[in-house]
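Numbering (this note's numbering), first residue to last: 2 to 369. Just so you know, even glycine gets a beta-carbon here, dropped at the ideal spot from N, CA and C. None of these values were measured; they are calculated from a predicted model. These notes are about the structure you will find just below.
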Amino acid sequence: MPRICMEAYFYCHSHPNPSFVYHDYICLAEGLRALGIQCYGDRSLYKSGEKNKFLIQYKKGYRWYNATLIFFHSNLYKLIGKKKADDIIMKITRQPRNESKIIFIDASDGVRTPGFEKGAQSCDVVLKSHYNRKYKYPKNFIPWQFGLSNRMIEAVHPLPFKQREQAFLVNFRVKHQLRDYLNNRIRAIVEKSLIWDNSISDPEKEKLTGKDLLFWKQTGGRHYPSYYDKLSKTVACACYGGVFAIPWGNYNKYTAKIARLFNNLIPLFSWDRVRQWDSWRLWESWVAGCCVVHVDFDKYGCQLPVMPQNKIHYLGIDLDNLEDFEASICDKALLEHIAENGKKFVLQHYSPEAVAGRLLQTLNLKSG
Numbered sequence: 002m003p004r005i006c007m008e009a010y011f012y013c014h015s016h017p018n019p020s021f022v023y024h025d026y027i028c029l030a031e032g033l034r035a036l037g038i039q040c041y042g043d044r045s046l047y048k049s050g051e052k053n054k055f056l057i058q059y060k061k062g063y064r065w066y067n068a069t070l071i072f073f074h075s076n077l078y079k080l081i082g083k084k085k086a087d088d089i090i091m092k093i094t095r096q097p098r099n100e101s102k103i104i105f106i107d108a109s110d111g112v113r114t115p116g117f118e119k120g121a122q123s124c125d126v127v128l129k130s131h132y133n134r135k136y137k138y139p140k141n142f143i144p145w146q147f148g149l150s151n152r153m154i155e156a157v158h159p160l161p162f163k164q165r166e167q168a169f170l171v172n173f174r175v176k177h178q179l180r181d182y183l184n185n186r187i188r189a190i191v192e193k194s195l196i197w198d199n200s201i202s203d204p205e206k207e208k209l210t211g212k213d214l215l216f217w218k219q220t221g222g223r224h225y226p227s228y229y230d231k232l233s234k235t236v237a238c239a240c241y242g243g244v245f246a247i248p249w250g251n252y253n254k255y256t257a258k259i260a261r262l263f264n265n266l267i268p269l270f271s272w273d274r275v276r277q278w279d280s281w282r283l284w285e286s287w288v289a290g291c292c293v294v295h296v297d298f299d300k301y302g303c304q305l306p307v308m309p310q311n312k313i314h315y316l317g318i319d320l321d322n323l324e325d326f327e328a329s330i331c332d333k334a335l336l337e338h339i340a341e342n343g344k345k346f347v348l349q350h351y352s353p354e355a356v357a358g359r360l361l362q363t364l365n366l367k368s369g
């Protein structure tokens, strides 16, 4: 793709908070920089090495109105609250603009996320992670993803499939309703052909130094070489997560919970969708060359900008047809086929440069 003559501005809120991670910003900034687009912000953010310059740079005197692309993040609502976040965003979106585009990245979990708020709705587009086509969204929402950073791509060292451990990796950091449920449903099936590996590395034994320690600090404690090593030499990985949901009561998390409890007592609806289904783990597993196992995206409404295909790029679970999953998980040739295609798919469509280029096309921004 030709180099682009424009600049980007990422609003992080000037007071740094190490517990807030801007993974989406990093993926986009890496891609934009690869396309020749300089990236600035209200503070400097992220280094790819101890001696490297910041990826997103604070430049004295540089303001949002100097940029063609202006980014806000859902973290802003967590940092300062709804009213202040709305005020900051709308102070900018109400200003006269020429060809600049204002983009809101909504990476939050839940039903009614910050992308629904007035500030986000005043932006040109909302890039919505965890997008599910069975929900109704505002018109400026488009499907988005957690995605790949260069750090992830460089952290894995995939072994050839036939040299990998015949194991199914299920070492989740965080418990989810869907994870617990699926683990109980499929464990006996998986163990007919693969080892059920739920071992978790001890962070205290990692003793990170140098670049790895830097990445660990910048990712909220999500960078562990031992984890990437295990992904790189394991046949398959459980990447499912989130919450199974029904087609009723989905206004916010409270109504959704009440609807779910009521439906448990009087089963009127079956689970037909999944919330909060995206994860870092999904993209790490794809690029590590594992066979990614998730729910069937098409059946449960999970939407990505470029859709993977079940049994070609990932292995999708259908609760109403576990016999098909059993036949698939036992088929080593199929698992190898999925793993190889999945890695090619994710590098082709979700590398930082591919993601940045697709955003520019979506915004109808031309080179030159």
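In the structure shown, what three-state DSSP assignment does residue i receive?
{"i": "D107", "result": "strand"}
{"i": "L335", "result": "helix"}
{"i": "D299", "result": "helix"}
{"i": "A289", "result": "coil"}
{"i": "N184", "result": "helix"}
{"i": "G42", "result": "strand"}
{"i": "V356", "result": "helix"}
{"i": "Y59", "result": "coil"}
{"i": "V175", "result": "coil"}
{"i": "G222", "result": "coil"}
{"i": "L214", "result": "helix"}
{"i": "Q277", "result": "coil"}
{"i": "Y351", "result": "helix"}
{"i": "H314", "result": "coil"}
{"i": "H24", "result": "helix"}
{"i": "K258", "result": "helix"}
{"i": "W197", "result": "strand"}
{"i": "L70", "result": "strand"}
{"i": "V191", "result": "helix"}
{"i": "E207", "result": "coil"}
{"i": "G369", "result": "Because the pLDDT at G369 is just 42, under 50, the model does not fix this residue reliably, and the point stays unresolved."}
{"i": "K102", "result": "strand"}
I'd like to check one pair, residue j with residue i: are the Cβ atoms closer than 8 angstroms?
{"i": "F242", "j": "H314", "result": "Sequence inspection shows Gly at residue 242; the Phe mentioned does not correspond to that position. Taking 8 angstroms as the Cβ cut-off, G242 and H314 do not qualify as a contacting pair."}
{"i": "W287", "j": "V347", "result": "yes"}
{"i": "S123", "j": "D107", "result": "no"}
{"i": "P309", "j": "F298", "result": "yes"}
{"i": "T94", "j": "I103", "result": "yes"}
{"i": "Y12", "j": "F55", "result": "no"}
{"i": "F162", "j": "A340", "result": "yes"}
{"i": "S227", "j": "E205", "result": "no"}
{"i": "L80", "j": "H14", "result": "yes"}
{"i": "L335", "j": "K312", "result": "yes"}
{"i": "G120", "j": "I90", "result": "yes"}
{"i": "I196", "j": "F169", "result": "yes"}
{"i": "E8", "j": "N67", "result": "yes"}
{"i": "G50", "j": "K212", "result": "yes"}
{"i": "Y138", "j": "H74", "result": "no"}
Pull up the CB-CB distance for residue i and residue j, whole angstroms please, since I reckon it's below 8 angstroms.
{"i": "V244", "j": "R276", "result": "5 angstroms"}
{"i": "Y41", "j": "Q58", "result": "6 angstroms"}
{"i": "I318", "j": "V294", "result": "7 angstroms"}
{"i": "N264", "j": "A257", "result": "Not really, about 10 angstroms apart at Cβ, beyond 8 angstroms."}
{"i": "V157", "j": "Y229", "result": "5 angstroms"}
{"i": "D198", "j": "V175", "result": "That belief does not hold up - the Cβ atoms of D198 and V175 are roughly 18 angstroms apart, past 8 angstroms."}
{"i": "L360", "j": "L29", "result": "7 angstroms"}
Once the 5 residues before and after residue i are set aside, which same chain residues still bring their CB inside 8 angstroms of it?
{"i": "Q118", "result": "The identity of residue 118 in the sequence shown is Glu, whereas the question assumes Gln. Counting only Cβ-Cβ distances below 8 angstroms, and skipping sequence neighbours, we find Y78, K83, A86 and D87."}
{"i": "S352", "result": "G32, L149 and I154"}
{"i": "C331", "result": "K193 and S194"}
{"i": "W284", "result": "Q146, F147, G148, L149, M153, V347 and Y351"}
{"i": "R186", "result": "L320 and L323"}
{"i": "E327", "result": "I190 and K193"}
{"i": "I259", "result": "G250"}
{"i": "N141", "result": "Q122, C124, D125, V126 and V127"}
{"i": "C292", "result": "V236, A237, C238, Y315, L316, L336, E337, I339, A340 and G343"}
Leaving out five residues before and five after residue i in sequence, what residues of the same chain have Cβ atoms less than 7 angstroms from its Cβ?
{"i": "E166", "result": "K234, T235 and V236"}
{"i": "L160", "result": "S233 and K234"}
{"i": "P144", "result": "K129, Y132, Q304, L305 and P306"}
{"i": "L179", "result": "Y241, G242, G243, V244, F245 and V275"}
{"i": "S45", "result": "F55, I57, Q58 and Y59"}
{"i": "L183", "result": "Y241 and I318"}
{"i": "Q349", "result": "A355"}
{"i": "D279", "result": "S130, H131, Q146 and F147"}
Output needed for residue i: all residues of its chain with C-beta closer than 6 angstroms, excluding positions within five of it in sequence on either side, in chain order.
{"i": "I5", "result": "Note that I5 scores 49 on pLDDT, short of 50, meaning its location in the model is unreliable and no value can be drawn from it."}
{"i": "R274", "result": "N133, K135, A246, Y301 and G302"}
{"i": "F216", "result": "R152 and H224"}
{"i": "N76", "result": "F21"}
{"i": "G111", "result": "K254"}
{"i": "Y10", "result": "Y41, W65, A68 and I71"}
Under 7 angstroms from any heavy atom of the ligand GDP, does the C-beta of residue i make it?
{"i": "L361", "result": "The model on display carries no ligand, and the ligand GDP is accordingly not part of it."}
Got a sec: is the Cβ-Cβ distance from residue i to anything in chain B below 8 angstroms?
{"i": "P159", "result": "In the structure shown, chain B cannot be found, because there is only a single protein chain."}
Item to check | 4 or more residues per run - each alpha helix (DSSP H) lying fully within the region 130-165 | outcome: 151-156
Item to check | 4-residue-minimum alpha helix (DSSP H) runs that sit fully inside the region 228-254, ordered along the chain | outcome: none
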